[in-house]
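What follows is a set of notes on a single structure, which appears directly below.
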Amino acid sequence: MPASIVVGTQWGDEGKGKATDYLADGMDLVVRYQGGNNAGHTILAEGHTLKLQLIPSGVLYPHITSVIADGVVVDPRVLLEEMDGLSAVGVDPSRLVVSGNCHMIMPYHLELERVTERFLGKNALGTTKRGIGPAYADKAARIGLRVQDLFDEAIFREKLDIVLREKNQLLTRVYGRLPLTPDTIVEDYLRYAERLRPLVTDTSKLLHDALLVGKQVLLEGAQGTMLDLDKGTYPFVTSSNPVTGYALASAGIGPREVDRVIGITKAYVTRVGAGPFPTEDRGPDGQRLGELGREFGTVTGRKRRCGWFDAVIGRYAARLNGLTELFVTKLDVLSGSRGLKVCTAYRADGETFEDFPPHQSLFHRAEPVFEELEGWDEDLGSVRSFGDLPNAARKYLERVQELVGVPISVVSVGPDRTQSLSAG
Ligand code: GDP
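Everything in the sequence shown is counted per my numbering, starting at 192 for the first residue and increasing by one.
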């Protein structure tokens with residue numbers, strides 16, 4: 192059973208890029224299973240700082256085949272630009288394969304997202320405006336265009352004409368914008384098609400065949416469990432499902448193939464944009480975490496809200512995803528914290544919740560029950576073995592592990608690939 196899944200256990204930005212890159216060493220294929228070019232992983236290795244939005248994080252290793260599976264929405268222009276960016280720093284992107292079933296982000300998705308966000312005013316979701324939500328909406332409405340449509344010009348034109356008729360009505364009559372012309376879109380997309388053609392394949396068959404001969408496959412999610420369309424804090428969520436169940440649907444493999452489910456867990460918690468966040472610290476401690484942890488979005492540059500480790504969402508993520516282990520990141524950022532805290536439960540409406548509350552109004556009103564732990568001052572950036580961590584840091588990790596109920600396998604103490612300590 193050689194498949195593993197990497198999933199974010201919080202609101203994204205847990206450091207999945209770094210974790211996947213670290214784990215990819217022992218893998219043969221790394222598969223991105225949902226989201227689009229809104230994810231923004233940052234990887235620091237071999238002297239490169241790479242900001243990847245779409246291409247799976249294993250791309251730095253020459254032995255890895257990178258796979259974009261069905262559940263990802265692809266903006267072909269962005270994908271090609273990202274490949275060119277990799278080539279420019281000497282990384283070969285030619286071992287990338289893309290599923291023909293991926294839905295494409297089209298120019299009207301970008302345009303419509305911009306105008307609808309403006310229309311929502313203060314109720315705007317604060318999306319990344321990359322057209323990802325509208326592309327997923329069209330997929331569900333069954334009017335999406337898929338990568339495979341690029342290779343049959345007549346079909347592509349026909350589908351585009353049908354969908355543009357409605358989109359142009361919306362753009363012109365509802366939002367007072369100019370209509371989009373099909374010819375320009377066709378011309379651009381057929382040009383992308385020429386470059387994409389060699390990459391497109393039946394990725395589900397490729398993965399099946401790889402697993403049959405014992406190859407190691409890592410399925411990589413974007414965003415995080417609390418941003419899941421079904422299980423997250425709706426409507427402040429992403430438009431796809433980061434939870435591990437969807438990894439299987441997207442990759443097209445069965446549950447018996449998976450033996451490791453690795454929950455990427457930041458040693459504290461951050462959240463971008465609006466929505467409830469019980470352990471948020473709006474004071475100087477939260478600000479300090481944001482500064483030391485450089486908590487700004489990779490794609491948007493937006494400042495992330497910061498707070499303390501939340502074991503309630505940790506346990507929620509553990510059961511939703513079937514976590515077998517935790518990969519704890521950014522422990523170094525907690526050095527020097529005074530009054531280090533972890534949230535063990537919530538209080539809402541006079542009740543205590545150790546589990547994620549059953550409906551969202553309770554979550555909005557949830558007050559964290561904190562437990563204070565001993566802090567440490569040592570800089571952890573140069574620690575290279577688990578045993579060399581300060582006692583208080585080890586105790587912190589033990590408490591996290593105990594509260595979540597899942598063993599910690601790796602601890603990260605800095606952004607570089609070498610700053611990862613095996614806890615085993
Ligand atoms: P992702 O989307 O989950 O991959 O997360 P991001 O890439 O948006 O955010 C993670 C950021 O933290 C990146 O800038 C990483 O280089 C950085 N990072 C990852 N692990 C660590 C760590 O252990 N310590 C520190 N200080 N930074 C880290």
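The C-beta atom is built at its ideal place from N, Cα and C for all residues, glycine as well.
Inter-residue spacing [alpha-carbon to alpha-carbon] between residue i and residue j
i, j, result
"ILE255", "GLY199", "22 Å"
"ASP472", "PRO548", "21 Å"
"ALA413", "TYR224", "8 Å"
"GLY335", "GLN478", "42 Å"
"GLY513", "LEU362", "43 Å"
"SER195", "TYR213", "13 Å"
"ASN229", "HIS555", "26 Å"
"HIS550", "ARG575", "43 Å"
"THR392", "GLY605", "37 Å"
"ARG506", "PRO469", "15 Å"
"GLY454", "TYR366", "42 Å"
"THR515", "GLU205", "17 Å"
"GLN339", "ASP261", "11 Å"
"PRO581", "GLY481", "23 Å"
Secondary structure of residue i, DSSP reduced to three states
i, result
"SER526", "coil"
"VAL250", "helix"
"ILE462", "Reading the sequence as shown, one finds Arg at residue 462 and not Ile. Note: ARG462 maps to strand in three-state DSSP."
"ALA413", "coil"
"GLY217", "coil"
"ARG590", "helix"
"LYS406", "coil"
"LEU245", "coil"
"THR394", "helix"
"THR211", "helix"
"LEU612", "strand"
"VAL264", "strand"
8 Å CB neighbourhood of residue i in its chain, flanking five on each side removed
i, result
"PRO193", "LEU402, GLY405, LYS406, GLN407, VAL408, GLU448 and ASP450"
"ARG529", "ASP476 and GLY566"
"ASP570", "ASP523 and SER526"
"PHE544", "VAL503, ALA536, TYR537, ARG538, LEU553 and ALA557"
"GLY226", "VAL263, VAL264, ILE323, GLY412, ALA413, GLN414, THR429, SER431 and PRO433"
"PRO373", "ARG348, LEU351, ASP352 and LEU355"
"LEU381", "LEU341, GLU344 and PHE347"
Span of the beta strand (DSSP E), counted from its first residue to its last, around residue i
i, result
"GLU516", "516-520"
"ILE504", "Where ILE504 is concerned, there is no enclosing beta strand (DSSP E), although the alpha helix (DSSP H) it sits in stretches over 502-512."
"TYR537", "531-539"
"GLY199", "194-199"
"LYS457", "449-457"
"SER600", "599-603"
"LEU439", "Element bounds for LEU439: not the beta strand (DSSP E) but the alpha helix (DSSP H), 435-442."
"LEU362", "LEU362 -> no beta strand (DSSP E), and no H or E assigned at all."
"ILE255", "Note, ILE255: premise wrong, no beta strand (DSSP E); not H, not E."
"SER285", "Premise fails: SER285 is in no beta strand (DSSP E) and is neither H nor E."
Sequence-distant residues of its chain with Cβ nearer than 7 Å to residue i (five each side left out)
i, result
"LEU439", "GLY445 and PRO446"
"PRO253", "ASP283"
"ALA215", "VAL221, SER248, GLY249, TYR252, ILE255 and LEU409"
"GLU272", "none"
"SER611", "TYR213, VAL601 and SER603"
"MET417", "GLN201, TRP202, GLY423, THR424 and ILE504"
"ALA614", "PHE577, ILE599, SER600, VAL601 and VAL602"
Residue i CB to nearest heavy atom of ligand 3 below 6 Å
i, result
"GLY262", "With respect to ligand 3, the structure shown offers nothing to examine, as its ligands consist of ligand 1."
Range of the contiguous alpha helix (DSSP H) that encloses residue i
i, result
"ARG223", "Run containing ARG223: none in the alpha helix (DSSP H); it sits in the beta strand (DSSP E), 220-223."
"ARG556", "551-556"
"LEU480", "475-483"
"GLU542", "Careful: GLU542 lies outside any alpha helix (DSSP H), inside the beta strand (DSSP E) at 542-544."
"SER278", "267-279"
"THR375", "373-387"
Proximal residues to residue i (C-beta, below 6 Å), its chain only, five neighbours per side dropped
i, result
"ALA326", "VAL264, HIS294, ILE296 and HIS300"
Mind pulling the alpha helix (DSSP H) runs of 4 or more residues that sit fully within the region 294-355?
Complete alpha helix (DSSP H) runs here, min 4: 298-311 and 323-331.
Ordered list of alpha helix (DSSP H) runs contained in the region 560-586, each at least 4 residues:
none
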